[in-house]
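Chains S and C are the protein sequences, given in the same order.
First residue of the first sequence: 18, per our numbering; consecutive thereafter.
First residue of the second sequence: 2, per our numbering; consecutive thereafter.
Ideal Cβ placement from N, Cα and C applies to all residues, glycine included.
Quick caveat: nothing in here was measured; it's all calculated off a predicted structure.
See structure below.
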Amino acid sequence: GAVVSQHPSRVICKSGTSVKIECRSLDFQATTMFWYRQFPKQSLMLMATSNEGSKATYEQGVEKDKFLINHASLTLSTLTVTSAHPEDSSFYICSAIFRTSGGLANEQFFGPGTRLTVL
Amino acid sequence: RKEVEQDPGPFNVPEGATVAFNCTYSNSASQSFFWYRQDCRKEPKLLMSVYSSGNEDGRFTAQLNRASQYISLLIRDSKLSDSATYLCVVNPTGTASKLTFGTGTRLQVTL
């Protein structure tokens, strides 16, 4: 199956700093990437949909100025958590889908996730 | 009401047992349905899609009842390696792959 990588896999930072997480599709061009967040013992919650070359679409309740998403190329999307606080500590997972000749592929390919801890 | 509801478990079963998980979804217009598996502190991985006619993949059988808005996953002959959290996942909108995840049901298979 297709491979999606995330970097870093784990990050610990001080409150007030910004953290950038990269999501890369390694063997396909991802026209759409998704960013999810998962708190302990909870489900994955979609934060935003990132389309290459256009602004991300944020889910209700997600602050677009706090969670900056840039999908500058067909293989890379970045999520920047600005002015991180302890309540932002979570498991951040990206996923990607690619476009086939018949439309968008049905399966999402998930990255391995980034565990963010804000002290 | 949550969009996708699952019993969180845990389900503790011995090796070789048959175990069934259920899931309900609230949006009757939902388009497609999946079961994902998530190991501890890892990303979810697609286990199988779920079709109205029911589908089977080895020891795993998935069923969809659109009228009752209910999805099930049956695991036969459980293995230790089946221990994981099983996520019921729904595409509620019909747009390209926007997914809604249940909180998951944890399975622990023991010797």
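*May I ask you to list the residues that DSSP assigns as paired with Tyr87 (chain C)?*
C:Arg38 and C:Thr106
*asked:* Along the chain, where does the beta strand (DSSP E) containing His88 (chain S) start, and where does it finish?
replied: Phe84 to Ser90
*Partner residues on chain S for Thr104 (chain C), Cβ-Cβ distance less than 8 Å*: Lys58, Gln59 and Ser60
*Kindly provide the ranges of any beta strand (DSSP E) runs that are 3 or more residues long and lie completely inside the region 18–102 of chain S, ordered along the chain.*
21–24, 27–30, 36–42, 47–55, 62–68, 84–90 and 93–98
_CB contact check: Pro45 (chain C) to chain S, cutoff 8 Å_ = yes
*Taking Asp78 (chain C) and Arg60 (chain C) to be in contact with their CB atoms under 8 Å, please state how far apart those CB atoms are, rounded to whole angstroms.*
5 Å
*asked:* Please tell me whether Leu100 (chain C) has its Cβ less than 8 Å away from any Cβ of chain S.
replied: yes
*Please compile the residues from chain C whose C-beta is within a distance smaller than 9 Å of the C-beta of Glu39 (chain S).*
Neighbours of Glu39 (chain S) on chain C: none; closest Cβ ~15 Å, over 9 Å.
*For Glu39 (chain S) and Asn87 (chain S), the rounded distance between their alpha carbons*: 10 Å
*Leu91 (chain S) and Glu124 (chain S) look like a contact to me (Cβ under 8 Å); what is the Cβ gap, rounded to whole Å?*
Contact doesn't hold; Cβ gap of about 18 Å is too wide.
*Of the choices C:Ser82, C:Pro93, C:Leu112 and C:Asn92, whose alpha-carbon is the least far from that of Asp40 (chain C)?*
C:Ser82
*Output yes if chain C places a C-beta closer than 8 Å to the C-beta of Pro25 (chain S); else output no.*
no
*For Phe127 (chain S) and chain C, any beta-carbon pair shorter than 8 Å?*
yes
*asked:* Tell me the rounded alpha-carbon separation between Ser60 (chain S) and Gly105 (chain C).
replied: 7 Å
*Would you call the region 64–80 of chain C and the region 23–37 of chain S in contact, with 3 or more CB pairs under 8 Å?*
no
*Using DSSP with H/G/I as helix, E/B as strand and the rest coil, what is Tyr104 (chain S)?*
It is worth fixing the name first, because residue 104 (chain S) is Glu in this sequence and not Tyr. Three-state result, Glu104 (chain S): helix.
*To the nearest whole angstrom, what separates the beta carbons of Gln109 (chain C) and Ser69 (chain C), a pair I think is in contact under 8 Å?*
That pair is no contact at about 28 Å.
*asked:* Just to confirm before moving on: does the CB-CB distance between Ala47 (chain S) and Ile110 (chain S) stay below 8 Å?
replied: no
_So if DSSP puts Glu16 (chain C) in a beta bridge, which residue, or which two residues, is it bridged to?_
DSSP, once it has assigned bridges, lists no residue as partnering Glu16 (chain C).
*For Ala89 (chain S), count neighbouring Cβ atoms within 10 angstroms of its own Cβ and tell me buried if that reaches 16, exposed if not.*
exposed
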